[in-house]
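One structure below.
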């Protein structure tokens, strides 16, 4: 069984807390031997594949027919496009391609569709930046000693 990054990080967190190898490995759900490999940095990091695992079912029609159609009419739904393909090429495109079509149409709309308005939410927490001056001037005297401010709110 291969190690995932969550197991490795949990194991290392436990080891940094001072827990033994054996207990850390049990908590992370790995063997003690794998724990030793992690500490020696000899564990294999598995990553995402950069290659396709199966043939693309829409390869023949995607760039030629569907992308130009989506550029022309961006409001078309993926199920409509799949039904169109099923009518045009009977038996070649099953209904199980619906989710694949939905993903492809979403990506196509992001790539070729109309630009969306960018909005940045601004969260103002109450009291975080409240600039208030709860003071009043004692009188209208002038001079250095007379510029005394008496606070309106006195601490208890």
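Residue numbers (my numbering): 15 to 170. Yeah, the Cβ is synthetic: ideal placement off N, Cα and C, and Gly gets one too.
Which whole-angstrom value describes the C-beta separation of residue 33 and residue 84, a residue pair presumed to lie in contact below a C-beta threshold of 8 Å?
At roughly 55 Å, the Cβ-Cβ gap does not stay under 8 Å, so residue 33 and residue 84 are not in contact.
Do you know whose CA, among 95, 107, 22, 112, lies nearest residue 50's CA?
Considering only alpha carbons, the answer is 22.
Could you check what DSSP says for residue 44 in three-state terms: helix, strand or coil?
The three-state secondary structure of residue 44, taken from DSSP, is coil.
By Cβ distance, which residues of its chain are closer than 6 Å to residue 107, with the 5 residues on each side in sequence left out?
A distance below 6 Å between beta-carbons, with the five flanking residues on each side excluded, links residue 107 to the following residues of its chain, in chain order: 99, 100.
Measuring CA to CA, which of 110, 42, 19 is closest to residue 29?
Among 110, 42, 19, the Cα nearest to that of residue 29 is on 42.
Is residue 33 helix, strand or coil when you go by DSSP?
Residue 33 falls in the coil class under three-state DSSP.
For residue 64 and residue 55, the rounded distance between their alpha carbons:
C-alpha separation (whole angstroms): 24 Å.
What residue from 126, 59, 57, 58 has the CA that sits closest to residue 87's CA?
Residue 87 has its Cα closest to that of 126, out of 126, 59, 57, 58.
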